[in-house]
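Each protein sequence line maps, in turn, to chains A and D. Going by full-length UniProt numbering, 159 is the number at position 159 of the first sequence; the sequence numbering is gapless. Going by full-length UniProt numbering, 84 is the number at position 84 of the second sequence; the sequence numbering is gapless. Ideal Cβ placement from N, Cα and C applies to all residues, glycine included. Remarks on the structure that follows.
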Amino acid sequence: MGIIEAILLSVITAATPLVLAAAGELVAERSGVLNLGVEGMMIMGAVSAFAATQITGSPYVGILAGVAAGLLFALFFGFLTLTLVANQVATGLALTLLGLGVSGMLGESFLGMQGIKLQPIAIPLLSEVPFLGPLLFRQDAIFYLSIAIVAGIHWFLFRSRAGLKLRAVGDSHASAHALGVDVIRIRYLAVLFGGACAGLAGAQLSLVYTPQWVENMSAGRGWIALALVVFASWRPWRVVAGGYLFGAVSISQLHAQAFGIGIPSQFLSSLPYVATIVVLILISHNRRMTLINTPASLGKPFVPER
Amino acid sequence: MKKLLLALATTTAVLGFAAAASAQEKAKICFVYVGSKTDGGWTQAHDIGRQQLEKELGDKIETQFLENVPEGPDAERAIERMARSGCGLIFTTSFGFMDATIKIAQKFPDVKFEHATGYKTLPNVATYNSRFYEGRYIQGQIAAKMSEKGVAGYIASFPIPEVVMGINSFVIGARSVNPDFKIKVIWANTWFDPGKEADAAKALIDQGVDILTQHTDTTAPMQVAAERGIKAFGQASDMIAAGPNTQLTAIVDTWGAYYVKRTKAFLDGKWESTSSWDGLKDGILTMAPYTNMPDDVKAMAEATEAKIKSGELKPFTGPLNKQDGSPWLKEGETADDATLLGMNFYVEGVDDKLPQ
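Spelled out as structure tokens, the structure:
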């Protein structure tokens, strides 16, 4: 295995949870809901996936448990912000803190246990293609899902009627409501989808990335996912580009250090963030494009008139 | 009947009084942790020490702890909260808590503080540390014997003297066995991020190291080493569970005896600000069983350990050059503690630029 291949493999592992969580959050934000609880839903996904895998011995049950945990937390968030119209920012932050605490408690008895790794699935024929085969077609189910989910989101948002409604709700919930669209229902579904994706991202952490459970193991990845959504200017494929760029810079800087190129490590460590800022500046240069993609009702509570 | 009631009332009163008295008399000993108490590494080792303290002196004291306290300004708040809540003696267990500990200690002159691995003291702030580097010297020797390629990977956290000292000691140990031995260093710039630590481990292995050692807190690098089929060293706690066929040995921090000793002094009113720096011979660090290695390597490691314990061998003994080849220690000269505690340079043989 060549060094480039090795680097790319690490990049894929590092980027997948970011892409998944960001893609889910993108859908929620497109419907006008800002959920800052990604980190909390992710860590709940990680602990639930690990626990379920340990109990049943099957990482696939673990994946389901991770998704379920994300859904549950998202439902809670939806109830508070959509039904009770609580402040989205405050509720999201609370969800993150709650997730970190609850996961620590739930995970206590699973600490130090040997994890069961989700094994890769080789896709016949394609996995034999030189270079690309081992990289893209000998991966685990969560990686395949992440790409399928992004493709699905793209199709849904820009090619389907339901997606059009969702974007309408995110841009102007009052107008959408006036047209007879059930704003709250659509937002609930979008938030739940976001939670499921964050839970799946968490499952990737404890089943693929580092098959073990330690408290706080998401280590801020939920926040990076949130930034990625803005970075991608709410376009699904750009989430993939952003996630992989971030992953690539993070991994390359480690290799640069191991190679001994003599650049201070603090600078190298900050590179992924510097790269993000540079791209953000380049993107926001075109103000019109940015405005078109930004959901206009993002973060605004909706109370239907009766 | 009346008598019985009276007896009952008296008993209750006595019991109540006893409870109140013990609540008053029980001193509160508090701990501030940088990570989670179950991280499987650094913080867990401190918490095991706390549990030992509670077991041995539980009738006289109660303990409290705060986990996952970030280094920096947040640490001040956490430490202040402990000081205000009636803690008599507070152990702050990370290098990055140094300035916060000093600042709060000045505010609460009646509370005693103990800061791990730092170098600033006050009349009410003591420091304590462990000569981890003694263990890293042994690891270096083992690495040099076990590595086929003659290159080890080193996952470092932050460029503080503690970590630099460890890298140097590892290299000195390794080069005492194989003068051409090399290490590759990656600074993760974190103590705790399983994902990043795993990425660093993968990067090092991809670049051809066949022994891994770490100065970060989770077992993720050990897990990667196990998956890739190379050998590795554990850090702070015995990490054998994460790599039954991988771990060669681990530096195991055993803080318990120190915590008991200092708490006893505190209870007797004999606590003084000291700077304690014990090593293998005092049992504040121990080596996890030497496993997954041939008998001759094990015998060498045990012999070195015995020599360090007896004081016959000190890792930082000349002739030693600095990284650029300029002489540092003359033949037979030993580095003093002050130099070690402020160490901000590499010795010869480290293939890395030290972040300043």
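For G96(D), the closest Cβ of chain A is not nearer than 7 Å. Taking all protein chains in view, the Cβ of V303(A) is surrounded by fewer than 16 other Cβ atoms within 10 Å, so the residue is classified as exposed. For L57(D), the three-state secondary structure derived from DSSP is helix. Counting along the chain, the unbroken alpha helix (DSSP H) around L136(A) starts and ends at L132 to L136.
Residues of chain A whose Cβ lies closer than 7 Å to the Cβ of W187(D) are, in chain order, Q257 and S265. If only complete runs of 3 or more residues are kept, the segment 233 to 276 of chain D shows the beta strand (DSSP E) at 247 to 253, in order along the chain. A Cβ-Cβ separation of about 5 Å places M165(D) in contact with Y133(D) under the 8 Å criterion.
DSSP, reduced to helix, strand and coil, places T56(A) within a helical segment of the structure shown.
About 5 Å separates the Cβ atoms of R187(A) and V33(A), confirming a contact at the 8 Å cut-off. Here the alpha carbon of L192(A) sits roughly 18 Å from the alpha carbon of P295(A). Here V185(D) has Y154, A156 and D352 as same chain residues with Cβ atoms under 6 Å from its own Cβ, once five neighbours each way along the sequence are excluded. At least one C-beta of chain A is nearer than 7 Å to the C-beta of Q207(D).
By the neighbour-count definition (other C-beta atoms within 10 Å, threshold 16), D180(D) is an exposed residue. In the three-state scheme derived from DSSP, where H, G and I count as helix and E and B as strand, C197(A) is classed as helix. No Cβ-Cβ contact shorter than 7 Å links D217(D) with G96(D). Under a criterion of Cβ atoms nearer than 8 Å, no residue of chain D is adjacent to G170(A); the nearest Cβ is some 31 Å distant. Looking at the backbone, the Cα of K60(D) and that of K120(D) are separated by about 29 Å.
Chain-order list of chain A residues neighbouring P355(D): P264, S265 and Q266, by C-beta distance under 8 Å. Within the model, the alpha-carbon separation for H215(D) versus K117(A) is close to 25 Å. From the beta-carbon of P211(A), the residues of chain D found nearer than 8 Å are Q223. Fewer than three Cβ pairs drawn from the segment 95 to 112 of chain D and the segment 229 to 239 of chain D lie within less than 8 Å of each other, which leaves the two stretches out of contact.
When the alpha-carbon of G58(D) is set against those of N68(D), I29(D), Y258(D) and A75(D), the nearest one is in I29(D). DSSP lists S130(D) as the beta-bridge partner residues of D278(D). In the DSSP secondary-structure assignment, Y154(D) is bridged to V185(D) and T213(D). Taking 7 Å as the cut-off, the Cβ atoms of A21(A) and A227(A) do not count as close. Assigned with DSSP and collapsed to three states, E67(D) falls in coil, not helix or strand.
Taking 7 Å as the cut-off, the beta carbon of F170(D) is found closer than this to the beta carbon of R136(D).
For S297(A), same chain residues with a beta-carbon under 7 Å away, outside a window of 5 residues either side, are G32, G170, D171, S172 and H173 in chain order. Cβ-Cβ distances below 6 Å link G104(A) to E215 in the same chain, with the five nearest sequence neighbours on each side left out; the list follows chain order.
The distance from the Cβ of A176(A) to that of L204(D) is about 53 Å, inconsistent with a contact at the 8 Å cut-off. Per DSSP, the continuous beta strand (DSSP E) segment holding W328(D) begins and ends at P327 to L329. Within chain D, no residue has its beta carbon less than 9 Å from that of Q139(A); the closest one is some 15 Å off. At a C-beta separation below 7 Å, N245(D) has no neighbours in chain A, since its nearest C-beta there lies roughly 12 Å away. According to the DSSP assignment, M289(A) belongs to the alpha helix (DSSP H) that extends over R287 to N293.
In chain order, Y290 place their CB closer than 8 Å to the CB of K298(D), counting only its own chain and leaving out the 5 sequence neighbours on each side. In this model, G62(A) and E348(D) are separated by some 49 Å (Cα to Cα).
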